[in-house]
Amino acid sequence: MNNSSQLNNERPLVTFALFAYNQEQYIREAIEGAFSQTYEPLEIILSDDRSSDRTFEIMQEMAAAYQGPHRVFVRQSDVNRGTFNHILDVAQQSHGEYIVVAAGDDISLPERTSTVIPYFKDKNVLALSSDEVVIDEKGKVRNWDEARFAQRDIWHKSDNSWLHGATAVYRTNFLKMIPSSSNKINFEDTVFSTLIRAAGGESLRLKLSLIKYRHHSNNLSARRIDRTNIKVMEENFINRWKSYLKVEVFCNQVINENPLFFYNDKNHLVRNQKIEYYSLISNWQSLTLYSKLKLFIIAIRLGHIKVILPRVFGKKIFFLLKRIRLQAHK
Numbered sequence: 003m004n005n006s007s008q009l010n011n012e013r014p015l016v017t018f019a020l021f022a023y024n025q026e027q028y029i030r031e032a033i034e035g036a037f038s039q040t041y042e043p044l045e046i047i048l049s050d051d052r053s054s055d056r057t058f059e060i061m062q063e064m065a066a067a068y069q070g071p072h073r074v075f076v077r078q079s080d081v082n083r084g085t086f087n088h089i090l091d092v093a094q095q096s097h098g099e100y101i102v103v104a105a106g107d108d109i110s111l112p113e114r115t116s117t118v119i120p121y122f123k124d125k126n127v128l129a130l131s132s133d134e135v136v137i138d139e140k141g142k143v144r145n146w147d148e149a150r151f152a153q154r155d156i157w158h159k160s161d162n163s164w165l166h167g168a169t170a171v172y173r174t175n176f177l178k179m180i181p182s183s184s185n186k187i188n189f190e191d192t193v194f195s196t197l198i199r200a201a202g203g204e205s206l207r208l209k210l211s212l213i214k215y216r217h218h219s220n221n222l223s224a225r226r227i228d229r230t231n232i233k234v235m236e237e238n239f240i241n242r243w244k245s246y247l248k249v250e251v252f253c254n255q256v257i258n259e260n261p262l263f264f265y266n267d268k269n270h271l272v273r274n275q276k277i278e279y280y281s282l283i284s285n286w287q288s289l290t291l292y293s294k295l296k297l298f299i300i301a302i303r304l305g306h307i308k309v310i311l312p313r314v315f316g317k318k319i320f321f322l323l324k325r326i327r328l329q330a331h332k
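Set out below in structure tokens:
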């Protein structure tokens, strides 16, 4: 199958990749969204990351019953790979010039693929992402905070490689350049954004709502935390910082080993500071005085002073301040 357009007026083949893991409750609607895409030519890959429920079986059933114009493939990981590696695995098997990413609990609007592909005319555009309508577990539209769109504008204006992973579309060749990680990584958009920047490319931001993003208790970005339990809250922050550390270390390794990234990279100093920052702050409760001072200085440089300020005074002061703040908000 040809991977690129032969004539200027010929549409490129696009891959619509649906990624799922233990999402049997929502996967049918997600697949229906994939099947409804109006763009042609389109290959659809339904990929399961070794679910323990019926997600994969439902994929097989719906693919077997499909009679539409698109080519449909179903695959399953040998072992659970995590979001980042899962995407790279599918990229290696895809034939499309671009990959439209979809999650197994979200619903893509029919015009999603047709809308995004024309924006890739500029070769420097390695990815793009859009906005979304938020729905609940039953598919009802939620009155979600509209301020998130303005915040994304700010992020993208300050860094044109920024992207929103749930609504992302990538150049396939870009993804195929990236090696998989020996560790599971779930913050895949952070990795891809860093590598887009290192490659000298950019990611576009479309202010169009092209998916229905499902907000529920089981998805990674929407898990509710008991904010009255200070210790549990802090454990979650520490785990998140450890995950970010893993991401930054991996990106550093990829950039240093790949000439395309290495020679275009202009952010190695900031990235090295981030590695040291996440390494220190994820262990803030046991830092020496010297390490606390180092963390304080790095936090100032990175603009994270509000995060570390209450922590540099030690555990007792930190948890006391948190309890006082919690009481004040009751």
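With the working numbering, letter number 164 in the sequence shown gets 166, and the count goes up by one each step, no holes.
Just so it is clear, CB atoms sit at the ideal spot from N, CA and C, and this is done for glycine as well.
Return helix, strand or coil for residue i, following the three-state DSSP convention.
i: Asp-50; result: strand
i: Gln-78; result: strand
i: Glu-42; result: coil
i: Thr-290; result: coil
i: Ile-156; result: helix
i: Leu-295; result: helix
i: Leu-197; result: helix
i: Ala-224; result: Below a pLDDT of 50, predicted positions are generally treated as unreliable, and Ala-224, at 47, falls in that range; the measurement from the model is reported next regardless. If DSSP states are grouped into helix, strand and coil, Ala-224 belongs with the helices.
i: Arg-56; result: coil
i: Ser-116; result: helix
i: Leu-165; result: coil
i: Arg-150; result: helix
i: Arg-83; result: coil
i: Lys-178; result: helix
i: Ile-326; result: helix
i: His-88; result: helix
i: Tyr-121; result: helix
i: Asn-231; result: coil
i: Gln-185; result: A quick correction: the sequence has Asn, not Gln, at residue 185. It is coil, neither helix nor strand.
Would you kindly work out how many angstroms separate the C-alpha atoms of residue i and residue j, rounded to a whole number?
i: Arg-56; j: Trp-243; result: 33 Å
i: Thr-196; j: Phe-252; result: 10 Å
i: Gly-35; j: Phe-58; result: 17 Å
i: Ala-149; j: Leu-208; result: 16 Å
i: Leu-311; j: Asn-274; result: 21 Å
i: Asn-260; j: Ile-60; result: 39 Å
i: Val-74; j: Ile-47; result: 6 Å
i: His-97; j: Gln-25; result: 26 Å
i: Leu-206; j: Val-127; result: 7 Å
i: Gly-202; j: Val-118; result: 21 Å
i: Lys-142; j: Val-135; result: 10 Å
i: Leu-289; j: Pro-43; result: 56 Å
i: Ile-198; j: Asp-267; result: 10 Å
i: Ser-281; j: Lys-233; result: 20 Å
i: Ala-104; j: Tyr-292; result: 46 Å
i: Arg-83; j: Ile-187; result: 8 Å
i: Gly-167; j: Leu-323; result: 35 Å
i: Ala-346; j: Lys-123; result: Outside the displayed span of the chain (3 to 332) sits residue 346, for which this structure offers no information.
i: Leu-328; j: Asn-231; result: 10 Å
i: Gln-94; j: Lys-125; result: 20 Å
i: Arg-144; j: Ala-170; result: 21 Å
I'd like to confirm the pairing. Which residues does DSSP put opposite residue i in its beta bridges?
i: Asp-133; result: Ser-211
i: Ile-101; result: Thr-17, Tyr-172
i: Ala-36; result: DSSP output for Ala-36 lists no bridge partner at all.
i: Ile-109; result: Lys-214
i: Val-143; result: Ile-137
i: Ala-22; result: Asp-50
i: Ser-205; result: Ala-129
i: Arg-73; result: Glu-45
Out of the options, point me to the one whose CA is closest to residue i's CA.
i: Arg-30; options: Ser-110, Asp-80, Ser-79; result: Ser-110
i: Asp-108; options: Asn-258, Gln-27, Lys-324, Leu-262; result: Gln-27
i: Gln-212; options: Arg-114, Lys-248, Asn-24, Val-127; result: The amino acid at residue 212 is misidentified as Gln; the sequence shows Leu. It is Arg-114 whose Cα lies nearest to the Cα of Leu-212.
i: Asn-87; options: Gln-62, Ile-180, Glu-134; result: Ile-180
i: Lys-178; options: Ile-101, Asn-238, Asp-161; result: Ile-101
i: Gly-316; options: Leu-262, Phe-263, Leu-295; result: Leu-295
i: Leu-165; options: Glu-190, Pro-112, His-217, Asn-145; result: Glu-190
i: Glu-63; options: Arg-52, His-72, Val-76, Asp-51; result: Val-76
i: Asp-161; options: Asp-138, Pro-14, Phe-194; result: Phe-194
i: Lys-318; options: Thr-17, Gln-287, Arg-327; result: Gln-287
i: Ile-302; options: Lys-276, Phe-320, Phe-321, Asn-185; result: Lys-276
i: Ser-184; options: Arg-154, Arg-144, Lys-248, Asn-175; result: Lys-248
i: Ala-200; options: Phe-263, Asn-258, Lys-140; result: Phe-263
i: Val-256; options: Pro-14, Ile-326, Ala-19, Phe-176; result: Phe-176
Could one say the Cβ of residue i lies closer than 8 Å to chain B's Cβ atoms, at least one of them?
i: Leu-291; result: Looking for chain B here will not work: only one protein chain is present.
>> To test your reading of the DSSP string, which unbroken alpha helix (DSSP H) runs of 4 or more residues are found completely within the region 242-324?
In response: 261-266, 270-283, 291-304, 307-310
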